[in-house]
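Q: Here's a structure for you.
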């Protein structure tokens with residue numbers, strides 16, 4: 729067998745070409761999807777705890793994504809500006825904020841579940857004790873006659 733020659737890795741270089749129409753189409757689709765999600769969350773916001781905050785954050789993220797798509801020329805393609813990079817940074821920051829808020833809500837939900845389970849166990853235990861006490865009293869009364 730021949731030994732495998734050593735592998736040389738080239739350093740990563742910055743992309744020199746402009747994004748094509750496909751990249752622009754993906755950005756436009758992502759902006760449309762973000763606006764759709766934001767609209768859906770706005771409908772559900774009154775029924776979800778903290779929904780208005782999430783709705784506002786999503787609306788902001790969708791707006792910056794749409795602004796970034798328009799600044800880069802939309803579907804027709806165009807030059808990538810510094811404004812687009814800032815918009816993408818805002819989207820990343822908004823996404824991180826939403827993830828942190830989601831984690832916070834998940835933790836609150838878990839705590840609520842644990843509290844409900846504890847109350848359910850306490851109720852079951854008290855119910856069982858009261859049933860035994862009732863059955864004992866009933867059998868003692870029945871044994872008198």
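In our numbering, the protein residues as written are 729 to 873.
For each residue, glycine too, the CB sits at the ideal point set by N, CA and C.
Model, not experiment: these values are computed from the prediction.
#1: What residue does the alpha helix (DSSP H) around residue 757 start on, and which one ends it?
#2: Check whether the Cβ atoms of residue 785 and residue 759 lie closer than 7 angstroms to each other.
#3: What residues in its chain sit with their C-beta under 6 angstroms from that of residue 727, if we drop five residues either side in the sequence?
#4: Let me know if residue 762 comes out buried or exposed under the rule of 16 or more other beta-carbons within 10 Å of its beta-carbon.
#5: Can you tell me the Cα-Cα spacing of residue 817 and residue 835, whole angstroms?
#6: Give the C-beta separation of residue 826 and residue 782 to the nearest angstrom, bearing in mind that I take them to be a contact with Cβ-Cβ under 8 angstroms.
A: Looking at the atomic coordinates:
#1: Here residue 757 refers to the residue found at position 29 of the chain shown. Segment 749–772, the alpha helix (DSSP H) holding residue 757.
#2: The residue you call residue 785 lines up with position 57 of the chain shown. The residue you call residue 759 lines up with position 31 of the chain shown. No; because the gap between Cβ atoms is not below 7 angstroms, this pair is not in contact.
#3: The first residue shown for the chain is 729 and the last is 873, placing residue 727 beyond what the model contains.
#4: Counted from its first residue, the chain shown places residue 762 at position 34. That one is buried.
#5: Taking the chain shown and counting its residues from 1, one reaches residue 817 at position 89. Taking the chain shown and counting its residues from 1, one reaches residue 835 at position 107. Going by the C-alpha atoms only, they are around 27 angstroms apart.
#6: Position 98 of the chain shown, counting from 1, holds the residue named residue 826. Position 54 of the chain shown, counting from 1, holds the residue named residue 782. Going by Cβ atoms, the distance from residue 826 to residue 782 rounds to 7 angstroms, so yes, they are a contact pair.
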